[in-house]
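Remarks on the structure that follows.
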Amino acid sequence: MKVLVVDDNIAIQEILKDILIEEGHVVRIAGSISEAVDQILEFEPNAILLDSIVNDEDGLQILSHAHEKNPDLSLDTVLIKSLNEEAPQDSTFIKAVVNKPFKSTDIAAALNVLVSKKEEEKAQEARNKRKKSNNFLSRIKRGSQEKKEPQIEVDESAVVAEYIAAEGPMYGRSYVFFEKEPVN
Numbered sequence: 009m010k011v012l013v014v015d016d017n018i019a020i021q022e023i024l025k026d027i028l029i030e031e032g033h034v035v036r037i038a039g040s041i042s043e044a045v046d047q048i049l050e051f052e053p054n055a056i057l058l059d060s061i062v063n064d065e066d067g068l069q070i071l072s073h074a075h076e077k078n079p080d081l082s083l084d085t086v087l088i089k090s091l092n093e094e095a096p097q098d099s100t101f102i103k104a105v106v107n108k109p110f111k112s113t114d115i116a117a118a119l120n121v122l123v124s125k126k127e128e129e130k131a132q133e134a135r136n137k138r139k140k141s142n143n144f145l146s147r148i149k150r151g152s153q154e155k156k157e158p159q160i161e162v163d164e165s166a167v168v169a170e171y172i173a174a175e176g177p178m179y180g181r182s183y184v185f186f187e188k189e190p191v192n
């Protein structure tokens, strides 16, 4: 999966890059709002890991700027925020939230949620197509007086849940870094 990391802290950028590359993702980094918008338009990532505050500005404005420039882009976003910040409830782009400090497993789990949501959307589209196809076939069969065959329904969300349960616990690395507190 192509993932864009948007954070103004170089240490966090490197940590997230290491975690994502180890998980098998293709990663690009952006350290400012304008750079992030350019990267989104050029790279067209499948997922965005976005710090809530980028260079003392609201990180979410990146999503609205990119959406204005290309409304067809998928802007599925994992928001990374501090514990005392509230995650916006009205953004359609935010699919998961990770609190700082985070573990590598938190990042992997958030991306898995994002992937699961995308797979569920694809599965729903496939079910809708099958339903249309089955309706068409049943009309043809009724027209030729053939007997209608029973359809078998598969609960795809249960299949996904079984797969996740079978994988067992996930292990990963944890990173710790310290920054000096700003002096006022």
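Residue numbers (the numbering used here): 9 to 192.
Even for Gly, the Cβ is constructed at its ideal location relative to N, Cα and C.
Just so it is clear, the structure is predicted and the values come from calculations on it, not from any experiment.
Cβ separation of residue i and residue j, assumed to be a contact under 8 Å, to the nearest whole Å
i, j, result
"residue 118", "residue 86", "4 Å"
"residue 11", "residue 57", "6 Å"
"residue 126", "residue 80", "Actually they are not in contact, since the Cβ atoms of residue 126 and residue 80 sit about 16 Å apart, beyond 8 Å."
"residue 25", "residue 35", "5 Å"
"residue 82", "residue 54", "7 Å"
Selection from the options that minimises the alpha carbon distance to residue i
i, options, result
"residue 201", "46, 123, 64 and 92", "Outside the shown range of the chain (9 to 192) lies residue 201, about which nothing can therefore be said."
"residue 38", "125, 132, 133 and 63", "63"
"residue 21", "88, 42, 54 and 65", "88"
"residue 124", "13, 15, 103 and 59", "103"
"residue 16", "65, 34 and 52", "65"
"residue 60", "74, 91 and 116", "91"
"residue 9", "116, 132 and 96", "116"
"residue 40", "67, 106 and 94", "67"
"residue 75", "99, 110 and 95", "99"
"residue 23", "96, 109, 101 and 52", "109"
"residue 73", "95, 96, 101 and 97", "101"
Per-residue burial, residue i [other beta carbons within 10 Å of its own, 16 or more giving buried]
i, result
"residue 28", "buried"
"residue 70", "buried"
"residue 112", "buried"
"residue 134", "exposed"
"residue 114", "buried"
"residue 49", "exposed"
"residue 32", "exposed"
"residue 18", "exposed"
"residue 97", "exposed"
"residue 154", "With a pLDDT of only 49 at residue 154, under the threshold of 50, the placement of this residue in the model should not be trusted; the figure read from the coordinates follows. Residue 154 is exposed by the Cβ-count criterion."
Query - Runs of alpha helix (DSSP H) wholly within the stretch 16-66 (minimum 4 residues, chain order) - result: Correct list: 18-30 and 41-51.
Requested in this report: Please specify which runs of the alpha helix (DSSP H), each continuous and at least 4 residues long, are wholly inside the stretch 118-144, giving them in chain order.
Outcome: Fully enclosed alpha helix (DSSP H) runs of 4 or longer: not present.
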